[in-house]
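Residue numbers (UniProt numbering): 1 to 248.
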């Protein structure tokens, strides 16, 4: 039986917290390090022992950190000791990117089964390592990605995840302010919308766009003349129309 690798998680943010929880649920060997809580001497000692060093820090800090503290590892990467980052957009020589297609909350952790369902996208790398080579202790679904497509991939992720959150935040604020309805009272609307997408993403759309109900769309837009929500509505309308033109 293959011996489990030793992992080091660098960082103390949401992703670092979730990765530690996931690996802990699987009883894997790992240590943590953060600039806030540990010394550089401690970092050097932990790096020596680790087979996989995960840089779970801000994207802008990854290359500077590795160049300063992990220079030998990124100069001579090998399957026994790898530097890994989890940025969805960064492509950096000597560091393998492995991005979880997931939005992590600050407080709530997931079950082992939920963590195992998270899909990972890993860089097509110079060592030609598969996901199983990088993380032999994990069984998550995974897909390789060319580094020249990462910026596009990440932009799509930001749109699908962050834009949706911004939209629902705007909706919740207006429901509470204009109609005195607490957001927890409209959870079912969010749940059914999500379920419709989950059940059949390409047939989930309802409403005036899919019906080409131009009169209702015009009424909607006019009602939003004094509301920034009109920008969102108009942007989605323009996008929807362009997508339909492209598909014809």
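Glycine included, every Cβ here is placed at the ideal spot set by N, Cα and C.
Every value quoted in this text rests on a predicted model; they were computed, and no experiment measured them.
**OP:** With DSSP as the reference, label residue 145 as helix, strand or coil.
**Re:** Numbered from 1 along the chain shown, position 145 holds the residue referred to as residue 145. Reduced to three states, the DSSP call for residue 145 is strand.
**OP:** Count the other CB atoms, across all protein chains shown, that sit within 10 Å of the CB of residue 251; report buried if there are 16 or more and exposed otherwise.
**Re:** Here the chain covers residues 1 to 248 and nothing more, so residue 251 does not appear.
Subject >> Contact belief for residue 172 with residue 183 at Cβ below 8 Å, rounded distance in angstroms >> reply: Here residue 172 refers to the residue found at position 172 when the chain shown is read from its first residue. Here residue 183 refers to the residue found at position 183 when the chain shown is read from its first residue. Yes, they are in contact, since the Cβ atoms of residue 172 and residue 183 sit about 4 Å apart, within 8 Å.
Original post:
If you draw a straight line from the alpha carbon of residue 193 to that of residue 204, how long is it in whole angstroms?
Top reply: The residue given as residue 193 occupies position 193 in the chain shown. The residue given as residue 204 occupies position 204 in the chain shown. The alpha-carbon separation between residue 193 and residue 204 amounts to approximately 8 Å.
**OP:** Give the DSSP-derived three-state secondary structure of residue 238 in the structure shown.
**Re:** Along the chain shown, one-based indexing puts residue 238 at 238. In this structure, DSSP gives residue 238 a helical state, which the three-state scheme calls helix.
Subject >> Sub-8 Å separation of residue 145 and residue 121 beta-carbons >> reply: Taking the chain shown and counting its residues from 1, the one referred to as residue 145 is at position 145. Taking the chain shown and counting its residues from 1, the one referred to as residue 121 is at position 121. Contact: yes.
Original post:
Name the DSSP beta bridge partners of residue 82, please?
Top reply: Mapped onto the chain shown, residue 82 falls at position 82. Bridge partners of residue 82 according to DSSP: 52.
Original post:
Quick one, are the C-beta atoms of residue 28 and residue 4 less than 8 Å apart?
Top reply: If you number the chain shown from 1, residue 28 lands on position 28. If you number the chain shown from 1, residue 4 lands on position 4. Taking a C-beta distance under 8 Å as the contact criterion, residue 28 and residue 4 qualify as a contact pair.
Subject >> Expected contact under 8 Å - CB spacing of residue 251 and residue 8 to nearest Å >> reply: Lying outside 1 to 248, the shown extent of the chain, residue 251 is not represented and no answer is given.
Subject >> Contact the region 72–85 vs the region 126–143: 3+ CB pairs below 8 Å >> reply: Yes, they touch.
Original post:
How about the region 53–72 and the region 100–109: do they share at least three Cβ pairs that are nearer than 8 Å?
Top reply: No: fewer than three Cβ pairs fall under 8 Å.
**OP:** Please classify residue 88: does DSSP put it in a helix, a strand, or coil?
**Re:** Position 88 of the chain shown holds residue 88. Correct three-state label for residue 88: coil.
Subject >> Contact set for residue 197: own chain, Cβ-Cβ below 6 Å, skip 5 residues either direction >> reply: Mapped onto the chain shown, residue 197 falls at position 197. Closer than 6 Å at the Cβ level, and outside the excluded window around residue 197, lie 204.
Original post:
Rounded C-beta distance between residue 170 and residue 217? I'm assuming under 8 Å.
Top reply: Here residue 170 refers to the residue found at position 170 when the chain shown is read from its first residue. Here residue 217 refers to the residue found at position 217 when the chain shown is read from its first residue. Their Cβ separation, rounded to whole angstroms, is 18 Å, which puts residue 170 and residue 217 out of contact at 8 Å.
Subject >> Per-residue DSSP class, three states only, for residue 139 >> reply: On the chain shown, position 139 is the one that residue 139 refers to. Looking at residue 139 - three-state DSSP - the assignment turns out to be coil, as it is neither helix nor strand.
Original post:
Rounded to a whole number of angstroms, what is the C-alpha to C-alpha distance between residue 23 and residue 129?
Top reply: As a first step, residue 23 must be located in the chain shown, where it is residue number 23. As a first step, residue 129 must be located in the chain shown, where it is residue number 129. Rounded to whole angstroms, residue 23 to residue 129 spans 21 Å at the Cα level.
**OP:** Put residue 8 into one of helix, strand or coil per three-state DSSP.
**Re:** In the chain shown, the residue the question calls residue 8 occupies position 8. Here DSSP, grouped into helix, strand and coil, assigns residue 8 to strand.
Subject >> Contact set for residue 49: own chain, Cβ-Cβ below 7 Å, skip 5 residues either direction >> reply: Walking along the chain shown from the start, residue 49 turns up at place 49. These residues qualify, in order along the chain: 6.
**OP:** Compute the Euclidean distance between the alpha carbons of residue 243 and residue 74, then round it to the nearest angstrom.
**Re:** Along the chain shown, read from residue 1 onward, the residue named residue 243 stands at position 243. Along the chain shown, read from residue 1 onward, the residue named residue 74 stands at position 74. Near 42 Å, if we compare the C-alpha coordinates of residue 74 and residue 243.
Original post:
Per DSSP, what kind of secondary structure is residue 40 in: helix, strand or coil?
Top reply: Indexing the chain shown from 1 puts residue 40 at position 40. Looking at residue 40 - three-state DSSP - the assignment turns out to be helix.
**OP:** Just the C-alpha distance for residue 85 and residue 118, rounded to the nearest angstrom, thanks.
**Re:** Indexing the chain shown from 1 puts residue 85 at position 85. Indexing the chain shown from 1 puts residue 118 at position 118. Those two C-alpha atoms are separated by around 16 Å.
Original post:
Who are residue 286's beta bridge partners in DSSP?
Top reply: Examination of residue 286 is not possible in this model, given that the chain is present from 1 through 248 alone.
Subject >> Residue interval of the beta strand (DSSP E) (run including residue 57) >> reply: The residue given as residue 57 occupies position 57 in the chain shown. Per DSSP, residue 57 belongs to no beta strand (DSSP E) and is neither H nor E.
Subject >> Euclidean distance between Cα positions of residue 142 and residue 14 >> reply: Indexing the chain shown from 1 puts residue 142 at position 142. Indexing the chain shown from 1 puts residue 14 at position 14. Computed Cα separation, rounded: 21 Å.
Original post:
residue 234: which of 34, 220, 124, 72 sits nearest, CA to CA?
Top reply: Sequence index remark: in the chain shown, residue 234 carries index 234 (1-based). Of the candidates 34, 220, 124, 72, the one whose C-alpha sits nearest the C-alpha of residue 234 is 220.
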